[in-house]
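A.B. asks: Before we start, here is the structure in question, set down as structure tokens.
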Amino acid sequence: MEITRPAIAGTLESSDAQVTVEPGNGKIDFTLESSVINQYGNQIKKVIMDTLKNLEVDNVKITVIDKGALDCTIKARVEGAVYRSNVQTENIPWGGAVRS
Amino acid sequence: MNPNKKRLRRTMMFLNAQKPALIKDPYIYKPDSIMLDLEDAVAQNQKDVARFSLYHALQEIDYHGVERVVRINGLDTPYWQEDVRVCVAGGCDAIRIPKTESAEDVHRVEQAVIAAEKEFGREEGSTLLMAAIESARGVMRAMDVCESSERLFGIALSGGDYTKDMQTHITGTGIELMGARQNMLIAARAAGVQCFDTVYTNLDDMEGFRKDVESIHLMGFDGKSIVNPRQINIVHEIFTPTQKDIIFAEKVVKEIDEKSAQGIGVFTVDGKMIDIAFYDGAKRTISLAKASGVYKGEL
């Protein structure tokens, strides 16, 4: 999927993550802010990269502010932001590109 | 028939499907069901992202046997069809249809569920339905709604919208809900489905809540929608048979089995006159005690 315009999903509430996607410069430009970055930074990054791969997104500037979110929440926020960027709200490929 | 159709549903706890802090571990409070809400709790501009949150919660969080019901958006909105797709794809146990006013409303959702079960490879019939009654018209057509689908396990009163439609408001006395509660219960019992009462939103009045639950329990409801974990124990306590009830029910069942084999129709148990009319009620008490995990007997 192409990131055609900036989009945000999620909040800064506890257990949530706020994900911002913007059109990239030919690669994945990744920024993470998290209070548990030392303990879980690598795991959070892996979840984000795997989710982007499932969505076939390889050209994006992505910023994640994590507030102690579970993996399932991080995936949901990345997907939410990417589909928002594409203004797609129906016929989502549940179980396909969007999967556990 | 889906084996979960008649399961124990004393409490159904509403949770905003868009709030990770709420949906990550509600099973610790041990409600019988959770109601993951895509409707009123989710703002219009968050409907799209709430579905991703719901999908992954259904797929990845272990709710430890708590039933996962999803309240979809109304059939008068552009959201409900995608809601049904994500519910079925995620593998929810049941879908709650809001603002139900006719059998046709249930049929529309049922058709969408059948299509989604095919699309996502779910077993046909695995997604149950329940209908929320929120208007005078819905109450008057409750019987049609109750008999509309084999998938429908029950109906629930939504008191806030219903009282608005009736041009009154929630008083805390229950008088404004009397007709709807009675009508819906009779329809549900006649159709053989379950019936659930509306939420009690004043969390500062736990005594009022207890009285409300006692009242709807005596009326014959199967359970109550709740909005806070603090309400769970009170409902379970009132809806679970006491040891005294269980012992009496056990005696009634055993005595009726024994006496009917001897050709005796009427007799006494603990000084009370008993006949076959008491049999189903006593069996129901035993079933409820078993489902609630408090029955230690052999029946």
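Chains as they are written, first to last, in the numbering used here: chain A, 1306 to 1405; chain F, 4 to 302.
We put the beta carbon where it would ideally sit given N, CA and C, even for glycine.
Taking C198/F as the reference, which of I189/F, T204/F, A60/F, L206/F has the closest Cα?
C.D. replies: I189/F
A.B. asks: Just the chain F side, please: which residues come within less than 8 Å of S1319/A by C-beta, in chain order?
C.D. replies: Within 8 Å of the CB of S1319/A, the CB atoms of chain F belong to A24, in sequence order along the chain.
A.B. asks: Output needed in chain order: residues of the stretch 1389 to 1400 of chain A with a Cβ under 8 Å from some Cβ in chain F.
C.D. replies: R1389, T1394, E1395, N1396, I1397, W1399, G1400
A.B. asks: Look up I95/F in the DSSP assignment and say whether it is helix, strand or coil.
C.D. replies: Per the sequence shown, the amino acid found at residue 95/F is Cys instead of Ile. Correct three-state label for C95/F: coil.
A.B. asks: Specify whether the stretch 239 to 255 of chain F and the stretch 263 to 274 of chain F touch according to this definition: at least 3 beta carbon pairs, one from each stretch, less than 8 Å apart.
C.D. replies: yes
A.B. asks: Quick check on the DSSP output: the alpha helix (DSSP H) that includes K254/F runs from which residue to which?
C.D. replies: 246 to 264
A.B. asks: For I64/F, return the contacting residues in chain A, with the cut-off set at a CB-CB distance below 7 Å.
C.D. replies: Chain-order list of chain A residues neighbouring I64/F: C1377, by C-beta distance under 7 Å.
A.B. asks: Leaving out five residues before and five after E104/F in sequence, what residues of the same chain have Cβ atoms less than 7 Å from its Cβ?
C.D. replies: S138, R140, G141, R144
A.B. asks: Going along chain A, which residues have a C-beta under 8 Å from V89/F?
C.D. replies: Simply I1397, W1399.
A.B. asks: Could you check what DSSP says for G141/F in three-state terms: helix, strand or coil?
C.D. replies: helix
A.B. asks: Per DSSP, T14/F forms a beta bridge with which residues?
C.D. replies: Its beta-bridge partners are K227/F.
A.B. asks: Compare the C-alpha of M3/F against each of E126/F, A183/F, R88/F and name the closest.
C.D. replies: Residue 3/F falls outside the range modelled here, since chain F spans only 4 to 302, and no answer is possible.
A.B. asks: Answer yes if the stretch 28 to 39 of chain F comes into contact with the stretch 1329 to 1338 of chain A, meaning at least three C-beta pairs across the two stretches below 8 Å, and no otherwise.
C.D. replies: no
A.B. asks: Cβ atoms of E217/F and I178/F: under 8 Å apart, would you say?
C.D. replies: no
A.B. asks: When Cβ atoms are compared, which residues of the stretch 74 to 101 of chain F fall closer than 9 Å to chain A?
C.D. replies: P81, Y82, Q84, E85, R88, V89, V91, A92, G93
A.B. asks: How long is the line joining the alpha carbons of Y1345/A and V73/F, rounded to whole angstroms?
C.D. replies: The straight-line gap from Cα to Cα measures roughly 31 Å.
A.B. asks: Please list, in chain order, the residues of the stretch 1351 to 1384 of chain A that have any C-beta partner in chain F closer than 7 Å.
C.D. replies: A1374, L1375, C1377, T1378, K1380, A1381, E1384
A.B. asks: Could you tell me the boundaries of the alpha helix (DSSP H) in which S1320/A lies?
C.D. replies: Unbroken run through S1320/A: none, as it is neither H nor E.
A.B. asks: By the three-class DSSP mapping on this structure, what secondary structure does D283/F have?
C.D. replies: helix
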